[in-house]
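Everything below concerns the one structure shown next.
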Amino acid sequence: MSKIALITGATSGIGRATAVAFAKEGINLIVTGRRVQLLSDLATELEEEYHINVLTLPFDVRVLSQVEQYLCNLPEEWKKIDILVNNAGLAVGLDPVNSGLVEDWERMIDTNIKGILYVSRIVSGLMIKAGDGGHIINIGSIAGKSVYPNGNVYCATKHAVDALSRAMSMDLFKHKIRVSQVSPGAVETEFSNVRFKGDIERASGVYKGFIPLSPSDVADVILFVVKAPSHVNISDVVVMPSAQASATMIDRED
Ligand code: NDP
Ligand code: 8X3
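Mapped onto my numbering, the consecutive letters of the sequence shown carry residue numbers 3 to 256.
This is the structure:
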């Protein structure tokens, strides 16, 4: 029987590329995100091109009632989830702690930390109930491995993802659920456009003068982690552009 993967934040970037990579492997998909049209376009594309089944769930990971409404009422044939990719996340703003906006901090904390918790609580429960193990992949960041100026709250949320990944593994390994973290450096997606609130020039400047990772580069790593034999857990992967040594060290050409 084909596997089922649930990917949060599949409307764009790494989540979307992961959906395509999984679809090519014949994995049926539950894809989530807030932008309904993008979700439905993705479902049509994947069903037509790769002949898989796709379920779209348009919820906001920050809103517990929405997460529960969709995930606690899955159609019977979608309840046995084999793989969960906790990918939905964002940075908003890049300001020192004395002047950062509280509303930006709350968006990041609610999405990047509470969102993973809300989704993982229900999906790990479903995996345990099904009794057939499972695999949870959390998308961390190099911002979860070290910090950089003005990255304060985003870095703190990704450090939380790092801690949660290790803690979830301790809670779930006895249920044969593997927990892995994939932590990328700079990936060219909508990420910087969101961080800089639609300032496209500033966002594109982030990726100028070097070759960043593409979303499919990261999807390839996620697929590799998922395809490891069941006795192998690749628990933590950091993946960087070759031209990047840390969040603040990038070798740019003029
Ligand atoms: P994108 O902005 O391209 O994609 C983010 C995805 O998250 C979208 O599909 C978006 O869907 C979804 N999302 C955001 N907020 C919510 C929400 N409240 N509820 C549901 N879905 C939400 O960025 P990336 O692909 O780059 O980001 C994916 C993950 O990778 C994030 O966790 C990010 O922190 C991490 N990351 C990114 C790096 C980068 O350089 N790009 C590097 C390291 C880690 P929608 O808007 O439709 O809701
Ligand atoms: C995204 C990478 O360096 O902007 O998580 O924090 S960085």
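All residues carry an ideal CB built from backbone N, CA and C; glycine is no exception.
Inset, instruction - Could you say if the stretch 229-239 and the stretch 50-63 meet the contact criterion of at least three C-beta pairs nearer than 8 Å? - result: As far as the Cβ criterion goes, the stretch 229-239 does not touch the stretch 50-63, which means the pair count is below three.
Legend entry - Where the alpha helix (DSSP H) through G127 begins and ends: Unbroken alpha helix (DSSP H) run through G127: 117-132.
Inset, instruction - Give the secondary structure of L57 by DSSP, where H, G and I count as helix, E and B as strand, and everything else as coil. - result: Residue state, collapsed to three classes: strand.
Inset, instruction - Report the option in L44, L225, T159 whose CA atom is closest to the CA atom of I144. - result: It is T159.
Legend entry - Distance cut-off 7 Å: F193 Cβ against heavy atoms of ligand 2: Answer for F193: yes, Cβ within range of ligand 2.
Inset, instruction - Out of N154, R64, K82, state which residue places its alpha-carbon closest to the alpha-carbon of D112. - result: Checked all of N154, R64, K82; the closest Cα to D112 is R64.
Inset, instruction - Specify, as a first and last residue, the run of the beta strand (DSSP E) that N195 falls within. - result: From DSSP, N195 is part of no beta strand (DSSP E) but of the alpha helix (DSSP H) over 193-197.
Legend entry - Element boundaries [beta strand (DSSP E), containing N89]: Run containing N89: none; DSSP gives neither H nor E here.
Legend entry - Burial state of F226, where buried means 16 or more other Cβ atoms lie within 10 Å: Exposed, since its Cβ has fewer than 16 Cβ neighbours within 10 Å.
Inset, instruction - Could you please give the first and the last residue of the uninterrupted alpha helix (DSSP H) stretch that includes P217? - result: Element bounds for P217: 217-229.
Inset, instruction - Grab me the residues of A249's own chain with a C-beta within less than 6 Å of its C-beta, minus the 5 sequence neighbours each way, in chain order. - result: Within the same chain, and ignoring the five residues on either side of A249 in sequence, the residues whose Cβ sits closer than 6 Å to its Cβ are I144, Y150.
Legend entry - Lining residues of ligand 2 - beta-carbon closer than 5 Å to any non-hydrogen atom, in sequence order: The set, ordered by position in the chain, is S143, A145, A249.
Inset, instruction - Would you kindly work out how many angstroms separate the C-alpha atoms of V208 and I202, rounded to a whole number? - result: Straight-line Cα distance between these residues: approximately 10 Å.
Inset, instruction - Using the Cα positions of E49 and G102, report the straight-line distance between them to the nearest angstrom. - result: E49 and G102 have their alpha carbons spaced roughly 43 Å apart.
Inset, instruction - Kindly list the residues whose CB is nearer than 8 Å to the CB of L44, restricted to its own chain and excluding five residues on each side of it in sequence; keep chain order. - result: A12, T13, R18, A21, V33, V56, T58, listed in sequence order.
Inset, instruction - List the DSSP bridge partners of P186. - result: In the DSSP output, where bridge partners are listed per residue, P186 has V241.
Legend entry - Those residues which DSSP pairs with G136 across a bridge: Within the DSSP secondary-structure output, G136 pairs in a beta bridge with I179.
Inset, instruction - In angstroms with no decimal places, state the Cα-to-Cα distance between K155 and I118. - result: Going by the sequence as given, residue 155 is Val instead of Lys. So the two alpha carbons sit approximately 16 Å from each other.
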